[in-house]
Structure formats: structure tokens, C-alpha cells
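K.L.:
Residue numbers (this note's numbering): 139 to 399.
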Amino acid sequence: MLAGTTNLRRLDQVELFWDTVDTIGEGFGFSLFGARHLVTLALYIGFAALSCKLYKAADEKKRAQLRGLFAVLLLADEAFEQIGLQIGGNFNWDYLPLHLCSINIFLIALYAWKPSRLLDNFLYFICIPAATAALLFPTWTSLPAANFMFWHSTSVHILLAAYPIMLFSGGDIRPSVRYMGKCFLLLLAMAVPIYCVNLLLDTNFMFLMYAPDGNPLAWFRDHVGYHWIGFPVLLVAVFALMDVPIMLKKRKEDKLLSAVK
Numbered sequence: 139m140l141a142g143t144t145n146l147r148r149l150d151q152v153e154l155f156w157d158t159v160d161t162i163g164e165g166f167g168f169s170l171f172g173a174r175h176l177v178t179l180a181l182y183i184g185f186a187a188l189s190c191k192l193y194k195a196a197d198e199k200k201r202a203q204l205r206g207l208f209a210v211l212l213l214a215d216e217a218f219e220q221i222g223l224q225i226g227g228n229f230n231w232d233y234l235p236l237h238l239c240s241i242n243i244f245l246i247a248l249y250a251w252k253p254s255r256l257l258d259n260f261l262y263f264i265c266i267p268a269a270t271a272a273l274l275f276p277t278w279t280s281l282p283a284a285n286f287m288f289w290h291s292t293s294v295h296i297l298l299a300a301y302p303i304m305l306f307s308g309g310d311i312r313p314s315v316r317y318m319g320k321c322f323l324l325l326l327a328m329a330v331p332i333y334c335v336n337l338l339l340d341t342n343f344m345f346l347m348y349a350p351d352g353n354p355l356a357w358f359r360d361h362v363g364y365h366w367i368g369f370p371v372l373l374v375a376v377f378a379l380m381d382v383p384i385m386l387k388k389r390k391e392d393k394l395l396s397a398v399k
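(1) Taking the alpha helix (DSSP H) that Met-287 falls in, what are its first and last residues?
(2) If contacts are defined as beta-carbon pairs under 8 Å, then Leu-261 and Ile-311 qualify, I think. What distance do you get, rounded to the angstrom?
(3) If Ser-280 sits next to Ile-162, beta carbons under 8 Å apart, how far is it from one beta carbon to the other, in whole angstroms?
(4) Between Ala-284 and Phe-155, how many whole angstroms is the CB-CB distance? I'm expecting something under 8 Å.
(5) If you reduce the DSSP assignment to three classes, tell me which class Arg-312 lands in.
(6) For the alpha helix (DSSP H) holding Asn-336, just list the boundary residues, first then last.
(7) Pull up the distance between the alpha-carbon of Met-287 and that of Asp-157, whole angstroms please.
(8) Go to Phe-185, then tell me how far its alpha helix (DSSP H) extends in each direction, as first and last residue.
(9) Look at the alpha carbon of Ala-187 and the alpha carbon of Arg-201, and state the distance between them as a whole number of angstroms.
(10) Are at least three pairs of beta-carbons, each pair with one atom in the region 295-309 and one in the region 247-266, less than 8 Å apart?
(11) Looking only at its chain, what residues have a beta carbon closer than 8 Å to the beta carbon of Asn-145, apart from the 5 residues adjacent to it on each side?
(12) Tyr-249 lies in the alpha helix (DSSP H); which residues open and close that run?
(13) Give the C-beta separation of Ile-418 and Pro-313 to the nearest angstrom, bearing in mind that I take them to be a contact with Cβ-Cβ under 8 Å.
(14) Give the single residue among Asp-258, Ala-329, Arg-316 whose Cα lies nearest to the Cα of Ala-378.
(15) Look at the alpha carbon of Trp-278 and the alpha carbon of Ala-375, and state the distance between them as a whole number of angstroms.
(16) Using 8 Å as the threshold, is the region 320-336 in touch with the region 212-224, meaning 3 or more CB pairs across them?
(17) Note the first and the last residue of the continuous alpha helix (DSSP H) segment covering Trp-357.
(18) By the DSSP assignment, the alpha helix (DSSP H) with Ile-162 in it spans what residues?
(19) How would you write the range of the alpha helix (DSSP H) that Pro-350 sits in, first residue to last?
(20) Here's the rule: buried if 16 or more other CB atoms are within 10 angstroms of the residue's CB, otherwise exposed. What is Phe-171?
(21) Looking only at its own chain, which residues have a Cβ that is under 6 Å from the Cβ of Val-294, when we skip the five neighbours before and after it?
(22) Can you have a look at Ala-209 and say buried or exposed, based on whether 16 or more other CB atoms are within 10 angstroms of its CB?
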């Protein structure tokens with residue numbers, strides 16, 4: 139009897155491992171800013187700090203290797219998600235890599251191969267806050283810790299945020315407020331076709347159709363009546379917030395130059 143119960147528990151654990159937020163039952167998840175969530179945020183901060191330290195100490199060859207490693211890890215993370223969805227039989231159109239963070243995976247891979255000033259700025263102004271917001275307000279709170287989607291969602295967003303932070307700390311990304319407009323246009327260029335995909339497939343990529351509970355856009359849904367009003371408001375706030383580290387870094391560099399003179 140005991141052996142049978144143990145086998146059933148193991149079977150349940152295996153099934154839970156391949157569950158998604160659409161298939162998981164109640165009582166397996168974690169609370170927002172509870173113990174498990176705080177551990178996740180601590181891992182994010184620790185990993186980002188370690189990545190910055192290693193990158194700043196590295197020569198150009200090792201820096202290129204680190205950039206390539208991050209790109210490979212992100213692509214492998216996305217492949218892990220897609221394979222897991224197939225194994226569990228839970229794939230649907232909602233899991234196409236068309237959310238903003240999923241798109242950023244491929245932008246980072248492109249950047250590792252062919253960097254550009256526009257990607258510099260987009261990864262800084264858009265990728266960092268988007269991935270950080272996903273970690274602060276996760277949509278996967280219903281999942282247990284021993285679950286492939288929990289692992290994927292946590293690791294991929296940590297990597298997405300840490301990559302541009304690492305490059306910024308090492309001076310390889312030099313964002314400029316002059317590129318904010320171009321970043322917005324690139325974001326808009328993504329949103330228009332993805333909105334059409336949402337209409338075609340009845341999906342919600344980039345949260346263009348509705349704001350799920352726990353998402354910062356949900357506040358605008360509840361208090362203003364339209365979640366999409368939050369997009370320009372949050373975008374302006376994000377651009378202003380992300381400008382602070384730029385100003386602080388410039389001030390520090392100016393002081394160093396003054397000291398040398």
C-alpha cells in the first residue's frame with residue numbers, strides 16, 4: 139500500500155513538472171513577494187552583480203565569449219520551453235515566441251552576432267525594464283518550484299535582464315536619450331503585426347488585447363477602463379527611470395576626467 143502511494147506521488151510530481159499555468163491545479167504555486175518569489179529576486183540581483191563583475195574584469199576576447207554564451211543560453215532556454223510543451227502535450231498558439239521578452243531573446247542573439255546602436259538602446263531602455271517587470275510581477279505564480287515552465291520563466295527573464303545590465307556596466311552599451319524615439323518606433327513596428335496575429339489566433343502577445351491580473355497594466359484596466367492607456371504612461375515612466383543610471387554614470391566619468399586633468 140505504501141509503495142503504491144509513493145508511486146502515485148511520483149507520477150503526480152512528473153505530471154506537475156510538465157504542467158503550465160493553463161493546466162495546473164490550485165495550491166501548488168507561490169505568493170507575490172512571498173519567500174519563493176523573494177529568493178527568485180535575490181537570485182536575479184546576485185546573478186546580475188556577478189555577471190557585471192566578470193564582464194568588467196574580462197578582456198575583449200572573453201567579453202565576446204560571454205556575450206555569445208548568454209545568447210546560446212537564451213536560445214537553449216527557449217528551446218527547452220518548446221520541447222517541454224510538446225512533451226506535456228500543452229502547446230498552443232499562446233506559446234509562440236511573440237511576447238516582448240521572447241522577441242528580445244532573438245534580438246540578443248542578433249546583437250551577439252552584429253551589434254548596433256539601435257539594439258544597444260533597445261536592449262537597455264526596453265529589455266531591462268520588461269524582464270525586470272516580469273520578475274517583479276510574474277504571471278507564473280500558480281506553478282510549483284519543480285516545474286519546467288517555472289524554471290524557464292525564471293531563468294530566461296534573469297538572463298534577459300542581466301545581459302544588457304552586464305554590457306552597460308562594462309561600457310559596451312552606451313545608451314542615449316536621443317535613441318528613445320527610435321526605440322519607440324521599433325517597439326511600434328513589432329506591436330502592429332503582433333496585434334494582427336492576436337486577432338488572427340485569439341492570443342494576447344505583448345498584452346495588447348488585455349491585461350492579466352498582477353500585470354501593472356491591470357491597474358489602468360481597473361481604474362481607467364482601458365489597459366492600453368497604460369502603455370504610453372508606463373513607457374514614459376520607464377524611459378525617465380532608465381535615464382537615471384545614464385546620468386549617474388556620466389557624472390562619475392566626468393569626475394574621473396576632472397581628477398585626471
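Backbone N, C-alpha and C define an ideal beta-carbon position, used for all residues, glycine too.
P.N.:
According to the structure data:
(1) Along the sequence shown, read from residue 1 onward, the residue named residue 287 stands at position 149. Counting along the chain, the alpha helix (DSSP H) containing Met-287 begins and ends at 286-307.
(2) If you number the sequence shown from 1, residue 261 lands on position 123. If you number the sequence shown from 1, residue 311 lands on position 173. Correct: roughly 7 Å between the Cβ atoms.
(3) On the sequence shown, position 142 is the one that residue 280 refers to. On the sequence shown, position 24 is the one that residue 162 refers to. Between Ile-162 and Ser-280 the Cβ distance is about 5 Å, and since that is below 8 Å, they are a contact.
(4) As a working mapping, residue 284 is identified with position 146 in the sequence shown. As a working mapping, residue 155 is identified with position 17 in the sequence shown. Between Phe-155 and Ala-284 the Cβ distance is about 6 Å, and since that is below 8 Å, they are a contact.
(5) Here the question's residue 312 lines up with position 174 in the sequence shown. Of the three classes helix, strand and coil, the one that applies to Arg-312 here is coil, per DSSP.
(6) Sequence index remark: in the sequence shown, residue 336 carries index 198 (1-based). Where Asn-336 is concerned, the enclosing alpha helix (DSSP H) stretches over 318-339.
(7) Locating residue 287 in the sequence shown gives position 149, where the first residue counts as 1. Locating residue 157 in the sequence shown gives position 19, where the first residue counts as 1. Near 8 Å, if we compare the C-alpha coordinates of Asp-157 and Met-287.
(8) By 1-based counting over the sequence shown, the position of residue 185 is 47. Its alpha helix (DSSP H) spans residues 173-195.
(9) Taking the first residue of the sequence shown as 1, we reach residue 187 at position 49. Taking the first residue of the sequence shown as 1, we reach residue 201 at position 63. If you take the alpha carbons of Ala-187 and Arg-201, they lie about 15 Å apart.
(10) yes
(11) Position 7 of the sequence shown, counted from the first residue, corresponds to residue 145. Caution applies to Asn-145, whose pLDDT of 44 falls short of 50 and renders its modelled position unreliable; the value that the coordinates give is listed next. Taken in chain order, the list of residues that qualify is empty.
(12) Here the question's residue 249 lines up with position 111 in the sequence shown. First-last of the alpha helix (DSSP H) with Tyr-249: 238-251.
(13) It is not possible to answer for residue 418, since the shown part of the chain is limited to 139 through 399.
(14) Taking the sequence shown and counting its residues from 1, the one referred to as residue 378 is at position 240. Ranking the options by Cα distance to Ala-378, first place goes to Arg-316.
(15) Position 140 of the sequence shown, counted from the start, is the residue given in the question as residue 278. Position 237 of the sequence shown, counted from the start, is the residue given in the question as residue 375. Whole-angstrom Cα-Cα distance: 25 Å.
(16) no
(17) Mapped onto the sequence shown, residue 357 falls at position 219. Unbroken alpha helix (DSSP H) run through Trp-357: 355-361.
(18) Within the sequence shown, residue 162 is the residue found at index 24, counting from 1. No alpha helix (DSSP H) holds Ile-162; DSSP gives it neither H nor E.
(19) Position 212 of the sequence shown, counted from the first residue, corresponds to residue 350. Where Pro-350 is concerned, there is no enclosing alpha helix (DSSP H), given that its DSSP letter is neither H nor E.
(20) Numbered from 1 along the sequence shown, position 33 holds the residue referred to as residue 171. Classification for Phe-171: exposed.
(21) Here residue 294 refers to the residue found at position 156 when the sequence shown is read from its first residue. Same-chain partners within the cutoff: Asp-215.
(22) In the sequence shown, residue 209 corresponds to position 71, counting from 1. Buried, since its Cβ has 16 or more Cβ neighbours within 10 Å.
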